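Residue numbers are given in our numbering: position 30 of the sequence shown equals residue 417, and the series is strictly consecutive. Even for Gly, the Cβ is constructed at its ideal location relative to N, Cα and C. Remember, predicted model here, so these are calculated numbers, not experimental data.
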Amino acid sequence: LPSALRGMVDLTVLDLESNNLSGLVPYDMGTLKHLSILELQHNNLSGAIPAPLCDNYEIVFFSADCGGIDPLVDCSCCSCR
Numbered sequence: 388l389p390s391a392l393r394g395m396v397d398l399t400v401l402d403l404e405s406n407n408l409s410g411l412v413p414y415d416m417g418t419l420k421h422l423s424i425l426e427l428q429h430n431n432l433s434g435a436i437p438a439p440l441c442d443n444y445e446i447v448f449f450s451a452d453c454g455g456i457d458p459l460v461d462c463s464c465c466s467c468r
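The structure is reproduced here in structure tokens:
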């Protein structure tokens, strides 16, 4: 994530769907405490959703490439919300 995005602590919607992103979901996304919608699907992200992001109870809609036999992203902490 660009450093400018990390500083937007009042951001409520983040749609990064289909942006050809790759690598781990940044741990710093946990600083976005007011997110209510987070869309990460259709990218090449891997690893786990960072714990601080999972603890964000403001998120009412979460979408990522998780599921299937070999999920790219471990969404176990967010999948039941």
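Less than 8 Å between the C-beta atoms of residue i and residue j, yes or no?
| i | j | result |
| --- | --- | --- |
| SER405 | LEU432 | no |
| LEU425 | LEU401 | yes |
| VAL396 | LYS420 | yes |
| LEU427 | SER390 | no |
So residue i and residue j are supposed to be a Cβ contact under 8 Å. How far apart are they, rounded?
| i | j | result |
| --- | --- | --- |
| ASN430 | LEU398 | Contact flag wrong, Cβ pair sits at about 18 Å. |
Across which residues does DSSP place residue i in a beta bridge pair?
| i | result |
| --- | --- |
| ALA451 | Answer by DSSP bridge pairing: none, since ALA451 is not bridged. |
| SER409 | ASN431 |
| ASP397 | According to DSSP, which records beta bridges pairwise, ASP397 is partnered with nothing at all. |
| ASP402 | GLU426 |
Which residue wins for smallest C-alpha separation from residue i, given the options the options?
| i | options | result |
| --- | --- | --- |
| PRO412 | ARG393, ILE436 and THR418 | Per the sequence presented here, residue 412 reads as Val, with Pro not at that position. When each option's Cα is compared against that of VAL412, the closest is ILE436. |
| THR418 | ARG393, TYR444 and GLU445 | ARG393 |
| GLU445 | GLY434, MET416 and LEU422 | LEU422 |
How would you label residue i, buried or exposed, when you count the other beta carbons within 10 angstroms and need 16 or more for buried?
| i | result |
| --- | --- |
| ASN407 | exposed |
| ILE456 | Note that ILE456 scores 37 on pLDDT, short of 50, meaning its location in the model is unreliable; the coordinates nonetheless yield the value given after this. Counting Cβ neighbours within 10 Å, ILE456 comes out exposed, since fewer than 16 surround it. |
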